[in-house]
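Undergrad: Numbering of the sequence shown is given in the numbering used here, commencing with residue 141 and proceeding in unit increments. All C-beta atoms, glycine included, are put in the ideal place defined by N, C-alpha and C.
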Amino acid sequence: MADDREPPPLFDDEKPDKKEEEDDLFATPNEAPKEEVKDEPASLPTEPAQDKASEDLFAADDDLFGGRIEEEESGDQFALDIKVHDPGKIGDGMGAYMSYKVTTQTSIPAFRRPSMTVTRRFSDFLGLHEKLSQKHVHIGRIVPPAPEKSVVGMTKIKMSKEDTSSTEFVEKRRALLERFLQRISIHPVLQMDPDFRDFLEQDELPRATSTSAVSGAGVLRLIKGVGDTLSKVTIKMDESDQWFEEKQNQVEALDQQLKKLHASVEALVTYRKELGISTAAFAKSTAMLSNSEEHTALSRALSQLAEVEEKIEQVHLEQADNDFFLLSELLKDYIGIIQAIRIVFHERVKSFHNWQNAQQTLAKKREAEAKFKQTGKTDKIAHAQEEIREGREDFEEISKTIRTEIRRSETNRVKDFRNIIIKYMETLMNSQQQLIKYWEGFLPEAKAIA
């Protein structure tokens with residue numbers, strides 16, 4: 141998917157609107173009076189500004205960020221093309237693991253070479269995700285989710301020889317790992333992260349030792365832990381920013397619909413595979429019947445029909461692969477991205493909680509302000525003012541970053557779905573054209589039966 145679009149500019153040179161920078165992203169009844177923190181920027185939002193912020197960013201034709209997208213796309217482009225290929229099994233038995241070659245082609249000056257190929261194992265990908273998450277999630281950046289571990293799939297790989305099921309599992313994982321790296325590569329900040337560059341450039345990486353935290357059940361534990369924290373914090377949080385309130389509702393609705401559609405596509409994949417198997421059985425039975433038929437023309441027609449059905453079987457199986465690799469995997473990716481968006485929302489709640497704690501501390505300092513002045517300990521009230529200023533700035537910054545990240549995610553989502561839908565329609569048309577060609581070729585044989 142990522143191959144079909146160019147990455148965004150390396151750096152965003154657009155100057156932010158001054159008025160927008162001055163607007164407060166979150167109004168709170170506990171906000172400290174201006175006279176106590178005089179050097180804080182005036183940032184209380186006016187009603188028109190808040191209404192503008194609450195516009196729906198999940199609409200494809202949203203004018204709120206359309207102009208900026210055009211500016212980004214018209215800027216300087218840096219190529220960063222990443223391929224994951226040549227998966228190979230290393231070792232035997234339960235100690236075996238899969239390795240993958242990662243080839244990078246780039247014109248970004250920060251990279252050491254324009255072309256490089258390294259070998260990585262699955263735990264290296266999980267380690268990269270963990271490092272990026274630790275550095276970027278707490279400030280509001282959406283880190284693309286890494287593929288989950290599959291104990292069942294890897295056990296089959298370790299204990300069995302090459303077969304259809306293991307080959308299919310390896311190909312699915314290879315594609316997932318490639319898309320994971322490609323999504324990082326189109327992010328203007330993540331693509332320049334030193335850990336990401338090391339992952340693409342270094343011949344050897346330190347062995348990842350704590351990747352279990354981001355695998356399967358580990359992810360569920362992480363989300364549950366964040367959810368527990370959220371449930372405690374939201375009791376004290378009065379969400380007064382309409383944009384974030386609406387956006388969280390939209391994210392929840394989108395998550396539900398993506399999961400429903402994903403389940404439907406998976407059922408479609410299963411149906412097409414079963415149809416291919418049934419078609420193969422029909423072709424075999426028809427061929428056997430043609431061998432038993434004494435009528436020459438009918439026998440020839442049945443034999444031709446069997447050949448046509450064998451070709452149609454391949455059409456069904458190829459379309460099942462297209463259903464999976466184009467539609468099903470795209471939907472699965474974005475279900476994971478929705479989870480990543482939820483996590484940055486949780487980080488924003490935590491930032492708000494820290495700000496509120498600083499405000500409460502300042503309120504206590506005010507009560508003792510007279511005493512501080514008498515004893516000359518005015519530095520304590522100044523320190524409290526500094527803490528609340530830092531808390532407010534952190535909250536405003538993560539809110540601003542999340543807005544930008546969601547806008548970027550929405551832009552990429554629209555592009556991805558557009559490109560995949562076009563590709564998918566082309567595969568469907570090609571399948572139908574092949575079927576028509578096969579049946580038109582068989583029709584004269586059927587008419588020749590006399």
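Please say whether Ile546 and Lys387 have beta carbons closer to each other than 9 Å?
TA: The answer is yes: Cβ separation under 9 Å.
Undergrad: On the three-state DSSP scale, how would you describe Ile452?
TA: Ile452: helix per DSSP, three-state reduction.
Undergrad: Pull up the DSSP beta-bridge partners for Arg482, would you.
TA: Arg482 pairs with nothing; no bridge assigned.
Undergrad: From the DSSP output, in three-state form, read off Val283 for me.
TA: Note: Val283 maps to coil in three-state DSSP.
Undergrad: Kindly indicate the opening and closing residues of the beta strand (DSSP E) around Val277.
TA: Careful: Val277 lies outside any beta strand (DSSP E) and carries neither H nor E.
Undergrad: In three-state terms, what does DSSP make of Ser273?
TA: Ser273 falls in the helix class under three-state DSSP.
Undergrad: Keeping to the same chain, check which residues put their C-beta closer than 7 Å to that of Ser439; ignore five residues upstream and five downstream.
TA: Once the five neighbours on either side are set aside, the close Cβ partners of Ser439 are Ser430 and Glu433.
Undergrad: Between which two residues does the alpha helix (DSSP H) carrying Met234 extend?
TA: Run containing Met234: none; DSSP gives neither H nor E here.
Undergrad: Note the first and the last residue of the continuous alpha helix (DSSP H) segment covering Met428.
TA: Counting along the chain, the alpha helix (DSSP H) containing Met428 begins and ends at Gln382 to Ser432.
Undergrad: Is the separation between the beta-carbon of Leu457 and that of Val405 shorter than 9 Å?
TA: No, they are not a contact pair.
Undergrad: Do the region 258-275 and the region 468-476 meet, that is, are 3 or more Cβ pairs less than 8 Å apart?
TA: Result no; under three Cβ-Cβ pairs closer than 8 Å.
Undergrad: Sorted by chain position, which residues of the same chain lie with C-beta nearer than 6 Å to Val224's C-beta, five sequence neighbours on each side aside?
TA: Excluding sequence neighbours, Val224 sits near Tyr240, Val242, Arg314, Leu317 and Glu318.
Undergrad: Is Ile589 buried or exposed, if buried means 16 or more other CB atoms sit within 10 Å of its CB?
TA: Exposed.
Undergrad: For the candidate residues Gly416, Phe309 and Phe336, whose alpha-carbon lies nearest to that of Phe265?
TA: When each option's Cα is compared against that of Phe265, the closest is Phe336.
Undergrad: In chain order, what residues of the same chain lie with their CB nearer than 7 Å to the CB of Leu575, ignoring the 5 residues before and after it?
TA: These residues qualify, in order along the chain: Ile452 and Val455.
Undergrad: Is it a yes or a no for the region 242-251 touching the region 273-286, going by three-plus beta-carbon pairs under 8 Å?
TA: With the cut-off at 8 Å, the region 242-251 and the region 273-286 do not touch.
Undergrad: Within 10 angstroms of the Cβ of Ala441, are there 16 or more other Cβ atoms? Answer buried if so, exposed if not.
TA: Ala441 should be labelled buried.
Undergrad: Go ahead and label Met238 buried or exposed: buried means 16 or more other beta carbons lie within 10 angstroms of its beta carbon, across all protein chains shown.
TA: With 16 or more Cβ atoms within 10 Å of its Cβ, Met238 is classed as buried.
Undergrad: Distance check for Lys275 and Glu537, CA to CA, integer angstroms please.
TA: When rounded, the distance between both Cα atoms is 15 Å.
Undergrad: Judging by CA-CA distance, which residue of Pro334, Ile521 and Glu487 is the nearest neighbour of Gln499?
TA: Closest option to Gln499, Cα to Cα, is Ile521.
Undergrad: In the DSSP assignment, what residue or residues form a beta bridge with Ile222?
TA: DSSP, once it has assigned bridges, lists Thr244 as partnering Ile222.
Undergrad: Taking the beta carbon of Leu583 as the centre, do at least 16 other beta carbons fall within 10 Å, making it buried, or is it exposed?
TA: When all chains shown are included, Leu583 counts as exposed.
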